[in-house]
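Engineer: Our numbering puts the sequence shown at residues 1 to 261.
My questions all concern the structure below.
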Amino acid sequence: MFERLREDIQSVFHRDPAARNAFEVLTCYPGMHAIWLHRLSGWLWRKDLKWPARMVSNFGRWLTGIEIHPGAKVGRRFFIDHGMGIVIGETAEIGDDVTLYQGVTLGGTSWNKGKRHPTLESGVVVGAGAKVLGPFTVGAGAKVGSNAVVTKAVPAGATVVGIPGRIIVKSDDSEAEAKRKAMAEKIGFDAYGVSEDMPDPVAKAIGQLLDHLQAVDVRMEDMGKALKSLGCEYREKALPELHQEVFDCIKERSENKAAQD
Ligand SMILES: CC(C)(COP(=O)(O)OP(=O)(O)OC[C@H]1O[C@@H](n2cnc3c(N)ncnc32)[C@H](O)[C@@H]1OP(=O)(O)O)[C@@H](O)C(=O)NCCC(=O)NCCS
1 MFERLREDIQ SVFHRDPAAR NAFEVLTCYP GMHAIWLHRL SGWLWRKDLK
51 WPARMVSNFG RWLTGIEIHP GAKVGRRFFI DHGMGIVIGE TAEIGDDVTL
101 YQGVTLGGTS WNKGKRHPTL ESGVVVGAGA KVLGPFTVGA GAKVGSNAVV
151 TKAVPAGATV VGIPGRIIVK SDDSEAEAKR KAMAEKIGFD AYGVSEDMPD
201 PVAKAIGQLL DHLQAVDVRM EDMGKALKSL GCEYREKALP ELHQEVFDCI
251 KERSENKAAQ D
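Below is the structure:
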């Protein structure tokens, strides 16, 4: 028990530069008080003592302004900064090292029983006032911007902002970029100048076309293999050549545009 308490206190030091010492954390952090009371209410809930569990949860709400349903599953080193106005629903699941700020709702959008609240995987951070609504998963390490309203699954490592939530950083960006490069090399020109970072819409459009081309290429190869395995006469044709000058021109345009911006 003391081990868990020490771990809780350490998690505050890691995530709140304002925390000065253990006594201050023990006495002045409502987020901690809410979590400790939730451990008690959750234990009562699992022992099928539903009403006492709800009473403890409600007491925690009076004390801290943080409402955690006793049925909610919470991982280790959960940190609620400031607290107040937080609601965590019955079927919400929270992984390890998750951080919530004040005014967050992990809520449902239906009155049906069963899973109706979100699952936050490890390391998720939900900014002040954000609402995450529905039985979907927010992937590990994702960030939800303050005041966002999220109603769809969020991939691991992504950042979501706004209403409705839109992703501004995707963890598989580098993977997409690598695929795009591989495709560009395959068809015979350097992909330089068509990266996602380029502000030029033409360059962006070409980037998207490369993605599409790559997906079509994979599909065609699979179909070719399938035809061969069925004994069909199938001969691969060489791809038509592309001319580097065309892409050099695009690259030049992108660079000029970036310099002007
Ligand atoms: C979402 C968040 C994690 C993004 O942080 P980041 O990865 O450093 O991203 P940036 O600050 O570089 O912003 C990237 C873009 O998203 C926009 N953005 C950032 N946070 C936003 C938000 N909450 N709502 C809408 N847009 C937001 C920025 O304006 C920027 O837009 P641009 O590219 O058009 O200029 C952060 O802004 C946030 O909201 N954190 C929550 C913090 C919090 O609640 N603190 C409470 C302390 S009491």
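Positions of the beta carbon are idealized from the N, C-alpha and C atoms, including for glycine.
Computed from a predicted structure; not experimentally measured.
My output table needs one value for F2: the three-state DSSP class, helix, strand or coil.
Structural biologist: The sequence position of residue 2 within the sequence shown is 2, counting from 1. It is helical.
Engineer: When burial is assigned at 16 or more other CB atoms within 10 Å of the CB, is V246 buried or exposed?
Structural biologist: For the purposes of this step, residue 246 is taken as the residue at position 246 of the sequence shown. With fewer than 16 other Cβ atoms within 10 Å, it is exposed.
Engineer: For a minimum of 3 consecutive residues, which ranges assigned as the beta strand (DSSP E) are wholly contained in the segment 103 to 140?
Structural biologist: 105 to 107 and 131 to 133
Engineer: Near G60, which residues of its chain fall below 6 Å by C-beta distance, leaving aside the five closest residues on each side in sequence?
Structural biologist: Translated into positions along the sequence shown, residue 60 becomes position 60. Taking G60 as the centre and dropping the five residues before and after it, the same chain places the C-beta of A34 and L37 closer than 6 Å to its C-beta, in chain order.
Engineer: Is there contact between the segment 118 to 131 and the segment 141 to 151, where contact requires at least three CB pairs shorter than 8 Å?
Structural biologist: yes
Engineer: Using a 10 Å radius around the Cβ and a threshold of 16 neighbouring Cβ atoms, would you call K113 buried or exposed?
Structural biologist: To locate residue 113, count along the sequence shown from 1; it is residue 113. Counting Cβ neighbours within 10 Å, K113 comes out exposed, since fewer than 16 surround it.
Engineer: In chain order, what residues of the same chain have a beta carbon less than 8 Å from the beta carbon of E7, not counting five sequence neighbours either side?
Structural biologist: Taking the sequence shown and counting its residues from 1, the one referred to as residue 7 is at position 7. The answer, listed in chain order, is R76 and R77.
Engineer: Within 10 Å of its beta-carbon, does I168 have 16 or more other beta-carbons around it, so buried, or fewer, so exposed?
Structural biologist: Locating residue 168 in the sequence shown gives position 168, counting from the first residue. The residue in question, I168, is exposed, as its Cβ has fewer than 16 Cβ neighbours within 10 Å.
Engineer: Hey, quick one: how far does the beta strand (DSSP E) through V154 stretch, first residue to last?
Structural biologist: As a position in the sequence shown, residue 154 is number 154, starting the count at 1. V154 -> no beta strand (DSSP E), and no H or E assigned at all.
Engineer: S171 to A156, Cα distance in whole Å?
Structural biologist: Along the sequence shown, read from residue 1 onward, the residue named residue 171 stands at position 171. Along the sequence shown, read from residue 1 onward, the residue named residue 156 stands at position 156. Because S171 sits at a pLDDT of 49, beneath the cut-off of 50, its placement in the model cannot be relied upon, and the following sentence gives the value as read from the coordinates. Roughly 7 Å separates the two Cα atoms.
Engineer: Which residue comes first and which comes last in the beta strand (DSSP E) that contains V56?
Structural biologist: Start at 1 with the first residue of the sequence shown, and residue 56 comes out as number 56. Per DSSP, V56 belongs to no beta strand (DSSP E); it is in the alpha helix (DSSP H), K50 to T64.
Engineer: A178: which of V160, T159, L210 and A205 sits nearest, CA to CA?
Structural biologist: Numbered from 1 along the sequence shown, position 178 holds the residue referred to as residue 178. Nearest C-alpha to A178: L210.
Engineer: Can you give me the C-alpha to C-alpha distance between A191 and V160, rounded to a whole angstrom?
Structural biologist: Here the question's residue 191 lines up with position 191 in the sequence shown. Here the question's residue 160 lines up with position 160 in the sequence shown. Any reading at A191 needs caution, since the residue's pLDDT is 47, under 50, leaving its predicted position unreliable; the model's value is listed next. C-alpha separation (whole angstroms): 28 Å.
Engineer: Which same chain residues, not among the five before or five after D81, have their C-beta less than 8 Å away from its C-beta?
Structural biologist: Locating residue 81 in the sequence shown gives position 81, counting from the first residue. In its chain, beyond the 5 residues on either side, R15, D16, G31, T99, L100, Y101 and Q102 have a beta carbon closer than 8 Å to the beta carbon of D81.
Engineer: What residue range is occupied by the uninterrupted alpha helix (DSSP H) comprising V25?
Structural biologist: Position 25 of the sequence shown, counted from the first residue, corresponds to residue 25. Run containing V25: A22 to C28, per the alpha helix (DSSP H) assignment.
Engineer: Just the Cα atoms here: how many angstroms apart are K73 and Q214?
Structural biologist: In the sequence shown, counting from the first residue as 1, residue 73 sits at position 73. In the sequence shown, counting from the first residue as 1, residue 214 sits at position 214. Approximately 42 Å, taken between the alpha carbons.
Engineer: Considering only DSSP beta bridges, list what L100 is partnered with.
Structural biologist: The residue given as residue 100 occupies position 100 in the sequence shown. Its beta-bridge partners are I80 and V126.
Engineer: Quick check on DSSP: helix, strand or coil for R166?
Structural biologist: Stepping through the sequence shown from its first residue, residue 166 is reached at position 166. Strand.
Engineer: Going along the chain, which residues of its own chain have a beta-carbon closer than 7 Å to the beta-carbon of F79, five neighbours each way excluded?
Structural biologist: If you number the sequence shown from 1, residue 79 lands on position 79. Cβ within range, chain order: S11, V12, R15, G31 and T99.
Engineer: Given that a residue counts as buried once 16 or more other Cβ atoms are within 10 Å of its Cβ, and exposed if not, what is C249?
Structural biologist: Position 249 of the sequence shown, counting from 1, holds the residue named residue 249. Exposed: under 16 other Cβ atoms inside 10 Å.
Engineer: Closer than 7 Å by C-beta to G107: which residues in its own chain qualify, once you throw out the five before and the five after it? Chain order, please.
Structural biologist: The residue labelled residue 107 in the question sits at position 107 within the sequence shown. Same-chain partners within the cutoff: V87, G89, H117, K131 and L133.
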